[in-house]
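Numbering (the working numbering), first residue to last: 4 to 104.
Built from N, CA and C at the ideal position, the CB exists for glycine as well.
First up is the structure itself, then whatever we jot down about it.
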């Protein structure tokens, strides 16, 4: 294998590892988005006095805070792409909008 071929293989390998990490965070963001939808639903139902949602809401809020903290760590370590950061902001805005309904 020539030096140019080795460089291309190494370059592509590094890119593949980076894409795997990004897809991991994309899946995490998919889960986060679904969780926020469920969280908002229970928040609004709890506001209307639904007993089941009232009992679930504190647990869901704590879990939401933990996931948000994990995403913040990933952001601080520069593990998220710009697109993923915009997606996190968009998802978090759903929570803010639910509070003002």
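Residue i versus residue j - alpha carbon distance
i, j, result
"residue 51", "residue 66", "22 Å"
"residue 83", "residue 55", "35 Å"
"residue 92", "residue 62", "22 Å"
"residue 71", "residue 53", "26 Å"
"residue 31", "residue 102", "23 Å"
"residue 59", "residue 39", "13 Å"
"residue 43", "residue 89", "20 Å"
"residue 28", "residue 48", "30 Å"
"residue 96", "residue 26", "22 Å"
"residue 86", "residue 78", "12 Å"
"residue 46", "residue 94", "15 Å"
Chain B contact for residue i (CB, 7 Å cutoff)
i, result
"residue 29", "Chain labels in this structure do not include chain B; a single protein chain is all it has."
Classification of residue i by the beta-carbon crowding that lies within 10 angstroms, buried from 16 upward
i, result
"residue 74", "buried"
Close-in-space but distant-in-sequence residues of the same chain around residue i (CB under 7 Å, 5 per side omitted)
i, result
"residue 57", "49"
"residue 104", "47"
Residues near residue i by beta carbon distance below 8 Å, same chain, minus five either side
i, result
"residue 76", "none"
Below 8 Å, can you find three or more Cβ-Cβ pairs linking the stretch 58-72 to the stretch 29-46? yes
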